[in-house]
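Protein chains in written order, with my numbering: chain A, 961 to 1356; chain B, 961 to 1356.
Taking it in order: structure first as structure tokens, then the write-up.
Number of protein chains: 2
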Amino acid sequence: MRRMTARPANAHQARLLRLLRDGGPNSRAQLGDRVDLSRSKLAVEVDRLLETGLVVADGLAASRGGRRSHNIRLAPQLRFLGVDIGATSIDVAVTNAELEILGHINQPMDVRDGPVAVFEQVLSMAAKLKASGLAEGFDGAGIGVPGPVRFPEGVPVAPPIMPGWDGFPVREALSQDLGCPVMVDNDVNLMAMGEQHAGVARSVGDFLCVKIGTGIGCGIVVGGEVHRGTTGSAGDIGHILAVPDGRPCACGNRGCLEAHFSGAALARDAKDAAQQGLSAELASRLETNGTLTAVDVAAAAAAGDATALDLIREGGNRTGQVIAGLVSFFNPGLVVIGGGVTGLGHTLLAAIRTQVYRQSLPLATNNLPIVLGELGPTAGVIGAARLISDHLFSPA
Amino acid sequence: MRRMTARPANAHQARLLRLLRDGGPNSRAQLGDRVDLSRSKLAVEVDRLLETGLVVADGLAASRGGRRSHNIRLAPQLRFLGVDIGATSIDVAVTNAELEILGHINQPMDVRDGPVAVFEQVLSMAAKLKASGLAEGFDGAGIGVPGPVRFPEGVPVAPPIMPGWDGFPVREALSQDLGCPVMVDNDVNLMAMGEQHAGVARSVGDFLCVKIGTGIGCGIVVGGEVHRGTTGSAGDIGHILAVPDGRPCACGNRGCLEAHFSGAALARDAKDAAQQGLSAELASRLETNGTLTAVDVAAAAAAGDATALDLIREGGNRTGQVIAGLVSFFNPGLVVIGGGVTGLGHTLLAAIRTQVYRQSLPLATNNLPIVLGELGPTAGVIGAARLISDHLFSPA
DNA sequence: CAACTTTCTCCACTCACAGGACAAAGAAGG
DNA sequence: CCTTCTTTGTCCTGTGAGTGGAGAAAGTTG
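Listed below in structure tokens is the structure:
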């Protein structure tokens, strides 16, 4: 079938498309209340959008005491693909134009296998979603990668944990393979956009979104827009100094936050503790699985294991210290904690909160919520869909 | 005489006023090149501006191979007042509409005397500038205060070093006293705006401006706009943890950056060193003046005093460590170092650079200039003038 | 003095948009 | 069933913003 070819012709149409995306179906009258246009002008633009096929009128809404209104909604066959490439797994999801997830697949993977192998897997996952009847094709795709991206070109730059990806034309390659427009961003930025669109950060203008997974990153939203920095590396807080003369880090320095707390560091510390006989719980898990991950630590902590709790608390303190500095600097209205390690839950959050509330300025922390992300593993793919829809729902 | 009463009627006029402010006098044709308008429309808007008196046509420019152009410039009698309130002194300056400084006064003062006493002094300084014939009145004033400000209302909030100023209606009071529109901001933000307008940060979209004076603060510019944060305390980096379990700070915590390096901390450390007999140079200065300030340390360092140099280097290292974290987080295109302590010059800058280049990500530091501010003590007042002119040169 | 440039003005035409009149469609009440 | 009121959507005209071309004004160059 024919995919979305048209783009909004002007800012009004773009505005209307975003309103329909974020607010669901609406009558012309309801749209008129939210947009600063006369009824006549609005009708013209809606008609033009109907002509392009980007929106459709389906059926009449219930009467609100007068003539029944026509429901205007985004074309129901529109499909966006959201791809979230992590260090060790891939998430792929299909959404409709309202960015609701219609299907979602997660598969293990190793980014270090390089872009070619990873893309093959992404394409097969996308094909599987298509085959299940959720989409006949994609009108656009957003993709997040775990490293800095030159945003305008959609190309990763100098990604530390992604050897082989440096300079790979992700946007162009994926766009060719999928046959639709593609936008690329850092995975952390997409998580922030996801939480902004459908999660805890709705209606917050300035916020930070800290993602603790294999590494640590931070999405920065200023005035509703993601801040990517001069070279696309903004938010790369994993290598901020957390412990003077601390542990050696892969980056060559010592005491980086990531060397002291992250999925990888936690797994290593848990293994050490198990081998030193500090925790029977962890030791038995190590013996069973042959290795330990953050999930094991979470489980041990949930079971009340003191060592596991200590590790989490210690890591939360480190992370909280760094976040405290960022809060003083940036003065956000909200801090969201997300990523794989959020399984550590309340213990982690409490440690982070303690540090931030203790160390940052009262003025900056007085009304500052520090909360877990609401969307879990879907934040990234929703953010990815949002990224491409923002692009497509803007004037051509 | 009658002051500026008119405001630009639309975005085009505002754009033109800012072009004339930043680019100096221009012909209609030159303006047409910089603004996306047809010659006819441009002529209409320029004519309207001429009618309001905001701009004037004075004389003909030299020919560029054809008919000579009329020079269009901002009304020459327009005057802005820039006020920069520091912890220990006040700077007041008059500028023309192009934000060129026509007169500048600096006087010692203590913010802790409270807003009433300080305003009295500001008004007498403004009167002195008027009396010298530089201005017959002011069309607008910008004022910077050394603490967080609720920007929309122009009111300081919970300023640690300014007891008595909390909630004082600075904007309203000064506006009444001066009889012109007033805008209030944090002094550090104004310094950033000053360097952006006329200093080293011209044409840089994202940059940080670290001001080291009595305290330490940081102006944050994102996409050309100052980021003030949710409660107006963004950039308050003086209380970021620099030394775990370090020196007690006035804020109640330990190890804050400001407790280890700032004008106040440097003076204290220098005094300690002098009294412990570590430096003859500093000791003799202490005896002569009865006290020591950052200026003494700068002079001693310039004279080759090893203790003074050590103090500066140590402070620069601490500051550099904190800035390194901010650079990783924010990924700016430029870092400007300014404030009273810049008299410490190259030694300080070298220490900061070393830490940042060593600790931040290569991607973030590869093309990152770290430089001293270009405007010195005038950055604040220029920024203040810029603040109010941005306000006045925007659609009413 | 002729030919060419640059600057500025004038005018007619287009298009975006507002807002009123009105038609369509339903609810509420007698 | 009919009248009245409300809500929704359409049509039409007037206004003002903006474009682009023609041409006048005022230079330079050879």
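Yeah, the Cβ is synthetic: ideal placement off N, Cα and C, and Gly gets one too.
Predicted, not measured: the structure shown is a model, and the values here were computed from it.
Take the Cβ of residue i as the centre, count every other Cβ of all protein chains shown within 10 Å, and call the residue buried at 16 or more, exposed below.
| i | result |
| --- | --- |
| Ser1320(A) | buried |
| Asp1147(B) | buried |
| Ala1240(A) | exposed |
| His1306(A) | exposed |
| Val1043(B) | buried |
| Thr1055(A) | buried |
| Ser1023(B) | exposed |
| Gln973(A) | buried |
| Ser1163(A) | exposed |
| Lys1171(A) | buried |
| Pro1355(A) | exposed |
| Gly1100(A) | buried |
| Arg1027(A) | exposed |
| Arg1318(B) | exposed |
| Asp1232(B) | exposed |
| Asp1007(A) | exposed |
Any beta carbon from chain A within less than 8 Å of residue i's own beta carbon?
| i | result |
| --- | --- |
| His972(B) | no |
| Phe1289(B) | yes |
| Thr1190(B) | yes |
| Asn1213(B) | yes |
| Tyr1201(B) | The residue you asked about is not Tyr; residue 1201(B) is Leu in the sequence shown. By this cut-off, Leu1201(B) is an interface position. |
| Ile1197(B) | yes |
| Gln1067(B) | no |
| Pro1329(B) | no |
When you compare each of the options to residue i by their alpha carbons, which one comes out closest?
| i | options | result |
| --- | --- | --- |
| Val1076(B) | Ala1194(B), Val1117(B) and Val1130(B) | Val1130(B) |
| Ile1103(A) | Leu1252(A), Gln1067(A) and Pro1141(A) | Pro1141(A) |
| Ala1047(B) | Arg1072(B), Ala1233(B), Arg1039(B) and Leu1041(B) | Arg1072(B) |
| Val1316(B) | Gly1300(B), Ser1000(B), Leu1009(B) and Phe1290(B) | Phe1290(B) |
| Ala1230(A) | Ala1266(A), Val1016(A), Pro1355(A) and Ala1003(A) | Ala1266(A) |
| Thr1279(B) | Gln1236(B), Arg1245(B), Ile1050(B) and Ser1222(B) | Ser1222(B) |
| Gly1159(A) | Leu1059(A), Ala1095(A) and Ala1194(A) | Leu1059(A) |
| Leu1323(B) | Cys1211(A), Thr1325(A), Gly1343(A) and Leu1246(A) | Cys1211(A) |
| Met1151(A) | Asp1070(A), Thr1251(A) and Arg1346(A) | Arg1346(A) |
| Met1069(A) | Arg963(A), Ile1050(A) and Arg1245(A) | Ile1050(A) |
| Asn1277(A) | Leu1252(A), Arg1313(A) and Gly1333(A) | Arg1313(A) |
| Ala1057(B) | His1064(B), Ile1045(B), Leu1038(B) and Pro1116(B) | Leu1038(B) |
| Leu1014(B) | Arg978(B), Ser1288(B) and Gly1173(B) | Arg978(B) |
| Ile1176(B) | Ala1161(B), His1157(B), Gly1192(B) and Asp1196(B) | Asp1196(B) |
| Ala1262(A) | Thr1302(A), Gln1281(A) and Ala1284(A) | Thr1302(A) |
In the DSSP assignment, the alpha helix (DSSP H) including residue i goes from what residue to what residue?
| i | result |
| --- | --- |
| Thr1279(A) | Ala1266 to Phe1290 |
| Gln973(B) | Ala971 to Gly983 |
| Ala1324(A) | Pro1322 to Thr1325 |
| His1187(B) | Per DSSP, His1187(B) belongs to no alpha helix (DSSP H) and is neither H nor E. |
| Asn1031(B) | That residue, Asn1031(B), is in no alpha helix (DSSP H); its beta strand (DSSP E) goes His1030 to Leu1034. |
| Phe1079(A) | Pro1075 to Ala1091 |
Give a yes or no on whether the minimum CB-CB distance between residue i and chain B is below 8 Å.
| i | result |
| --- | --- |
| Cys1178(A) | yes |
| Gln1319(A) | yes |
| Asp1265(A) | no |
| Gly1124(A) | no |
| Asp996(A) | no |
| Leu1286(A) | yes |
| Asp1166(A) | yes |
| Gly1013(A) | no |
Which two residues bound the contiguous beta strand (DSSP E) that contains residue i?
| i | result |
| --- | --- |
| Val1331(A) | Ile1330 to Leu1332 |
| Gln1067(B) | Ile1061 to Pro1068 |
| Thr1248(B) | Where Thr1248(B) is concerned, there is no enclosing beta strand (DSSP E), although the alpha helix (DSSP H) it sits in stretches over Ala1240 to Asn1249. |
| Asn1146(A) | Val1142 to Asn1146 |
| Thr1302(B) | No beta strand (DSSP E) holds Thr1302(B); DSSP gives it neither H nor E. |
| Thr1055(B) | Ser1049 to Thr1055 |
| Ile1172(B) | Phe1167 to Ile1172 |
| Ile1200(A) | Careful: Ile1200(A) lies outside any beta strand (DSSP E) and carries neither H nor E. |
Inter-stretch contact (C-beta, 8 Å, three-pair minimum) for the region 1222 to 1232 of chain A and the region 1266 to 1281 of chain A: yes
At least 3 beta-carbon pairs within less than 8 Å: the region 1090 to 1109 of chain B vs the region 1186 to 1203 of chain B: yes
At least 3 beta-carbon pairs within less than 8 Å: the region 1338 to 1345 of chain A vs the region 1076 to 1086 of chain B: no
Stretch pair the region 1293 to 1300 of chain B + the region 1165 to 1174 of chain B: three plus CB contacts closer than 8 Å: yes
Segment contact flag, the region 1016 to 1032 of chain B with the region 974 to 990 of chain B, C-beta cutoff 8 Å, min 3 pairs: yes
Meets three-Cβ-pair contact criterion under 8 Å: the region 1013 to 1030 of chain A and the region 991 to 1009 of chain B: no
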